[in-house]
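Step one of this worksheet: look at the structure below.
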Amino acid sequence: MSRTPTLRSPKIGADDVVDGPGRRGPGRPPKPIVEYPEALWEPAQAAQDFASALDEEIRRHGDSVWGLHKAVEAKGGLIDRTTLGAWQRGTKGPQTPDTLKVVDLIEARYRLSPGYLRSRITHGRAVSGHSLPDIGAAERRRLAWHLPDDFNARPAAGQAEILAWVRSCVLSGGTAYHRNSGGRQSGRCAEALRSCEIRGDAARVRDRATALG
């Protein structure tokens with residue numbers, strides 16, 4: 498009695514294509530990133546806060562957080578996709594020089610007027626992330642309010658000159674920041690006043706930094 502030979506199925510490699518219902522092949526190719534997507538509609542009314550404005554512009558340009566991240570990354574923006582999603586939801590916001598650069602890249606991508614999104618950030622400027630390795634945490638927090646956003650990119654001599662000027666002309670006394678940080682004011686109204694006056698001191702520092710080149 499002859500034995501019926503056993504038929505073995507050929508082994509399928511990871512790169513082989515399988516015909517039929519279980520066919521496996523490469524997934525759908527990613528959607529190409531458009532450098533400057535066109536707006537699908539004109540905004541009826543400008544959003545007042547950063548998260549709402551960012552969300553509106555993403556949707557208005559038919560974009561997504563994934564596509565925006567890829568576009569920003571291609572331009573040298575240093576940010577991860579989850580952080581962009583948190584910005585859109587309003588659970589986080591830009592605070593460092595690197596993230597403010599990303600905001601500028603987003604404004605350019607959607608062809609918005611410079612400062613359109615920046616002006617809607619609560620503090621409007623970098624309040625952390627400056628390179629101050631030899632300065633204590635308490636002084637870093639005070640200095641951060643008054644340093645230009647491009648402080649990290651400046652040469653060491655320029656950084657030292659800016660720090661010396663801020664310490665002598667802003668933090669040493671006589672300015673709105675120093676008077677309010679000394680505890681002479683308290684309460685919600687004082688905090689709002691302090692915020693406005695601090696911005697005025699910061700503007701002086703930015704002007705000085707520009708003069709220093």
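498 is the number of the first residue of the sequence shown in my numbering; add one for each residue after it. Built from N, CA and C at the ideal position, the CB exists for glycine as well. Please read all numbers here as calculations on a predicted model, not as lab measurements.
Measuring CA to CA, which of the options is closest to residue i?
i	options	result
Val531	Ser549, Thr580, Glu539 and Ile555	Ile555
Arg606	Gln542, Asp560 and Cys666	Asp560
Gln592	His558, Arg615 and Pro611	Arg615
Ala544	Arg617, Val663, Asp631 and Gln656	Arg617
Asp631	Thr579, Gln656 and Asp595	Gln656
Pro534	Gln542, Pro526 and Ala568	Ala568
Thr596	Gln542, Leu668, Asp646 and Pro527	Asp646
Arg637	Pro529, Val663 and Ala541	Val663
Pro529	Ala541, Ala571 and Asp546	Ala571
Ser669	Pro652, Arg639 and Arg651	Arg639
Phe547	Arg608, Gly612 and Ser665	Gly612
Among residues of its own chain, excluding the 5 on either side of residue i, which ones have a beta-carbon nearer than 6 Å to its beta-carbon?
i	result
Lys589	Ala583
Arg651	none
Pro526	none
By Cβ distance, which residues of its chain are closer than 7 Å to residue i, with the 5 residues on each side in sequence left out?
i	result
Gly574	Lys598, Val599 and Leu602
Arg578	Val562, Trp563 and His566
Thr580	Lys589
Pro540	Glu553 and Arg557
Arg608	Tyr533
Gly633	none
Let me know if residue i comes out buried or exposed under the rule of 16 or more other beta-carbons within 10 Å of its beta-carbon.
i	result
Ala641	buried
Arg586	exposed
Leu537	exposed
Ala654	exposed
Ala635	exposed
Thr619	exposed
Ala661	exposed
Ala550	buried
Pro507	In this predicted model, Pro507 has a pLDDT of only 48, less than 50, meaning its place in the structure is not dependable enough to derive any value.
Keeping to the same chain, check which residues put their C-beta closer than 8 Å to that of residue i; ignore five residues upstream and five downstream.
i	result
Ser610	Glu604
Taking CB distances under 7 Å as the criterion, tell me whether residue i reaches chain B.
i	result
Ala544	Here there is only one protein chain, and chain B is not present.
Which parts of the region 559-618 are runs of the alpha helix (DSSP H), unbroken and 4 residues or longer, counting only runs that do not cross its ends? 562-571, 578-586 and 594-606
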